[in-house]
Each structure stands twice: as C-alpha cells, then as structure tokens.
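See structure below.
Chains as they are written, first to last, in this note's numbering: chain P, 6 to 117; chain E, 10 to 123.
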C-alpha cells in the first residue's frame with residue numbers, strides 16, 4: 006500500500022543553523038506534498054506545500070524540493086529559531102487516493 | 010471564528026464505556042476526516058467523509074462509528090473502549106475530496122482509557 010517514510014525522527018540543531026528533513030513516498034501517482042508543523046500540545050498546521058509540476062518552492066526561511074523521479078521530497082529551514090522547535094510531518098496525496106498519507110514525523114529541537 | 014472545533018478537549022473514561030467526540034467546521038468544506046495520533050506522534054487516518062458520505066474507512070475496528078448529520082459535522086462514537094484507544098483524536102476538514110488540498114485540523118481530543 007501507500008507509504009511515506011520520513012527521516013530523521015529527531016533532529017537537534019543550534020539556533021541559526023539549517024535543518025533538513027527528508028521524505029520518500031511509494032505511490033508514483035502522488036502529486037501533492039504538504040508539510041505540517043505541530044507545536045507541543047497544538048494541532049498540525051500547514052506550513053508549505055508543493056505540487057508535482059514544480060521542483061522547488063520557497064517561503065521566507067522555508068523551502069521544499071521535490072524529485073519525482075526518485076520519489077523524494079525535502080523540507081529545508083534556514084536560520085533556525087527556537088520557535089521552529091516542533092514536530093514536522095511530511096505527507097503525500099493524489100487524485101485517485103482520496104487521502105493524504107502522513108510520514109511518521111520529525112521532532113526538531115532548536116537550541117538557543 | 011474557530012475554523013474546526015472539537016469537544017471535549019479531554020476525555021478520561023474506563024474500559025468498556027461508550028463515548029463520543031464531536032467535530033464541527035465552519036469553513037464550508039465538503040470533506041472531513043478523523044485521525045488518531047498515538048504517543049509516538051504518528052498521525053493515522055481513520056475515516057474520511059465527503060458530503061456526509063463515507064469515503065475512506067482505514068480498517069478501523071467497528072467499535073468506532075462516525076456519523077455525519079450534515080457536511081459541517083462529523084462525530085465519532087466509540088463503543089466498548091479499550092486501553093489501546095488512548096490517544097489524541099484530531100478532526101480535520103478540507104475543500105478538496107481528492108487529497109490535493111490543505112487540511113485544517115481541530116484542536117484535538119485527548120482520550121485516556123483507564
């Protein structure tokens with residue numbers, strides 16, 4: 006069945022450094038790749054998404070890249086700040102599947 | 010002005026009881042979901058509804074019965090609660106049925122079964 010693998014499960018960086026989270030998906034029909042951020046005790050919220058007709062998308066300190074051939078997509082956070090500390094989920098969705106499959110999450114710690 | 014709301018926020022109950030969680034969205038979305046998030050933070054879809062019709066049931070035990078009285082509401086009823094049902098349950102909604110749009114999550118309901 007469909008699967009989304011996410012690495013690493015935990016990531017600790019120093020404030021100001023960059024953080025990279027990587028995901029792979031199994032369903033070649035996937036064409037929508039959102040990223041959600043979940044702060045402690047809060048709900049997941051969309052921070053950025055990318056569709057299969059685009060290889061890269063950037064929004065201030067956050068960027069996503071997509072390699073459809075390799076079925077890889079990544080989240081890049083530059084100049085990390087303590088408030089970036091949260092659990093980040095990648096996900097993959099497609100027209101025929103009627104659902105979005107989530108990765109297992111990455112717990113990011115940004116040390117001040 | 011809350012987009013997706015859930016009640017209750019916390020639910021503590023004993024094994025064998027029956028409980029319900031309510032969810033409402035005021036975004037005008039046609040599609041609603043229930044997710045279960047366990048202690049390891051894994052988000053697993055349970056059900057999805059579109060215009061009050063069940064679209065996805067991810068092999069959830071039939072002790073779990075969703076009900077959608079209208080497209081703005083998707084409630085979750087759980088019979089004969091078990092210890093393993095302890096988790097945070099998130100309701101969500103999206104504009105798009107086909108998995109291509111942002112999902113808006115509710116605040117979650119932390120269910121503890123003792």
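C-beta atoms are modelled at their ideal positions from N, C-alpha and C, and glycine is treated no differently. Just so we're clear, the structure is a prediction, and the values are computed from it rather than from any experiment.
The closest CA to that of residue 101 of chain E, considering only E:46, E:20, E:21, E:28, is found on E:46. Scanning chain E for C-beta atoms nearer than 7 Å to the C-beta of residue 89 of chain P yields nothing, as the closest lies near 17 Å away. 50, 51, 52, 54, 57, 64, 65: these are the residues of the segment 45-66 of chain E whose beta carbon lies less than 7 Å from some beta carbon of chain P, given in chain order. A check of alpha carbon separations from residue 56 of chain P across P:99, P:103, P:75 identifies P:99 as the nearest.
Taken atom to atom, the span from the alpha-carbon of residue 114 of chain E to that of residue 61 of chain P is near 26 Å. Under the three-state reduction of DSSP, residue 87 of chain P is assigned to helix. Counting only unbroken stretches of 3 or more residues, the beta strand (DSSP E) elements lying wholly within the segment 7-41 of chain P are 9-12, 15-19, 24-30, in sequence order. Sequence-distant Cβ neighbours of residue 69 of chain P in its own chain, meaning closer than 6 Å and more than five residues away, are 53, 55, 62, 80.
Per DSSP, residue 81 of chain P is one residue of the beta strand (DSSP E) stretching across 77-82.
Annotation: residue 64 of chain P has no Cβ neighbours in chain E at a cutoff of 9 Å; minimum Cβ distance is about 14 Å. For a cut-off of 8 Å, the C-beta gap from residue 91 of chain P to residue 42 of chain P is around 5 Å, short enough to register as a contact.
Residue 94 of chain P belongs to the set of residues whose beta carbon lies under 8 Å from a beta carbon in chain E. Residue pairing for residue 75 of chain E: DSSP places it in a beta bridge opposite E:85.
Across the set P:103, P:117, P:114, P:108, the C-alpha of P:103 shows the shortest separation from the C-alpha of residue 34 of chain P.
Looking only at E:105, E:121, E:109, the smallest Cα-Cα distance to residue 36 of chain E is reached by E:105. Beta-bridge analysis with DSSP links residue 71 of chain P to P:78. Nearest to residue 65 of chain P by alpha-carbon distance, out of P:46, P:117, P:85, P:110, is P:85. Secondary structure of residue 64 of chain P (DSSP, three-state): strand. Residues 27 of the same chain have their beta carbon placed closer than 7 Å to that of residue 12 of chain P, with the five preceding and five following residues left out of the count. Non-local beta-carbon contacts of residue 31 of chain E in its own chain, meaning distances under 6 Å to residues more than five positions away in sequence, involve 16, 84 in chain order.
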